[in-house]
Amino acid sequence: MKYDFALLRFAEDPNISDRGYWYLTDLPLQAGERVLAPVGVHDRLQCAVVERTLSAAEEDAPYDLRTVKRVEAKYGARKLVAGGTEALEFGGMRYDRKHFTRFGKVLWTPAPPEDLSEFAAYGVTKTAVRDVGELARANGGVLLTGEEGRRMFELLAEFCRGKKTESGGETAALLREKLL
Numbered sequence: 000m001k002y003d004f005a006l007l008r009f010a011e012d013p014n015i016s017d018r019g020y021w022y023l024t025d026l027p028l029q030a031g032e033r034v035l036a037p038v039g040v041h042d043r044l045q046c047a048v049v050e051r052t053l054s055a056a057e058e059d060a061p062y063d064l065r066t067v068k069r070v071e072a073k074y075g076a077r078k079l080v081a082g083g084t085e086a087l088e089f090g091g092m093r094y095d096r097k098h099f100t101r102f103g104k105v106l107w108t109p110a111p112p113e114d115l116s117e118f119a120a121y122g123v124t125k126t127a128v129r130d131v132g133e134l135a136r137a138n139g140g141v142l143l144t145g146e147e148g149r150r151m152f153e154l155l156a157e158f159c160r161g162k163k164t165e166s167g168g169e170t171a172a173l174l175r176e177k178l179l
């Protein structure tokens, strides 16, 4: 079986910008493209540039398959379509000078889709939440809809960027764990 790898350089992070790191990828990538990939023990997403790609069998892999990480998404890939409904993905939003929010946690659509089964492929397990606390405690991804959902989406963005901190301590910790 062949695996696709990408050699990434995290130029925005001076702590690791001096060398390349091999990642598995399911995305068709080319040298020069920017991607988001997990870094460090907490797997926080950072932006990297693809230096080169490689397809190889396990025995010829450039890195041990048991410990290699995966490219999360192409940089800027925040819109998706499921069941004919266009959604905006919360993942991939910069929240500090080098980190980005996680994918597959929160999606937003202007109107509720007729068929939710297509969103299950993106990890959506809940489609309506009343407040940030409920969102933080939800297992899997959440689909926010309508104007109220848009407002919550914007509140989450402010929270991740450190502009909102009025959520209770437990809720704030759960949100940070889920989104960052």
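Going by numbering that gives the first Met the number 0, the residue at position 20 of the sequence shown is 19; the numbering climbs one at a time, nothing skipped.
Quick reminder that beta carbons are idealized off the backbone N, C-alpha and C, glycines included.
Residue i and residue j closer than 9 angstroms at C-beta
i	j	result
S116	G82	yes
K68	D42	yes
R96	L87	no
G132	K104	no
L28	V80	no
L134	L155	yes
G75	G90	no
A47	F102	no
Residue range of the beta strand (DSSP E) that includes residue i
i	result
S54	43-56
T170	Run containing T170: none in the beta strand (DSSP E); it sits in the alpha helix (DSSP H), 168-178.
F4	1-8
L35	33-38
T108	105-108
Where the alpha helix (DSSP H) through residue i begins and ends
i	result
R129	R129 -> no alpha helix (DSSP H), and no H or E assigned at all.
A119	116-119
E147	145-159
Min CB distance residue i to chain D below 9 angstroms
i	result
P109	Protein chains in the displayed structure number just one, and chain D is not present.
Cβ separation of residue i and residue j, assumed to be a contact under 8 angstroms, to the nearest whole Å
i	j	result
T84	T108	5 angstroms
V40	L7	Incorrect: roughly 17 angstroms between the Cβ atoms, too far for contact.
H98	L179	7 angstroms
E58	L64	In fact, because the Cβ distance is near 10 angstroms, the residues do not count as touching under 8 angstroms.
V239	A137	The structure shown does not extend to residue 239, since the chain is modelled only from 0 to 179, so the question has no answer here.
Rounded separation between residue i and residue j - CA only
i	j	result
R236	L143	Any question about residue 236 goes unanswered here, given that the chain covers just 0 to 179.
D3	A30	13 angstroms
P111	R160	27 angstroms
V34	E157	23 angstroms
Q45	R18	15 angstroms
K1	A60	9 angstroms
G140	D130	15 angstroms
A5	R51	6 angstroms
P37	L106	20 angstroms
Y94	P13	18 angstroms
E146	D25	34 angstroms
S16	E113	45 angstroms
Where residue i falls, given that 16 or more other Cβ within 10 Å makes a residue buried
i	result
K177	buried
T66	exposed
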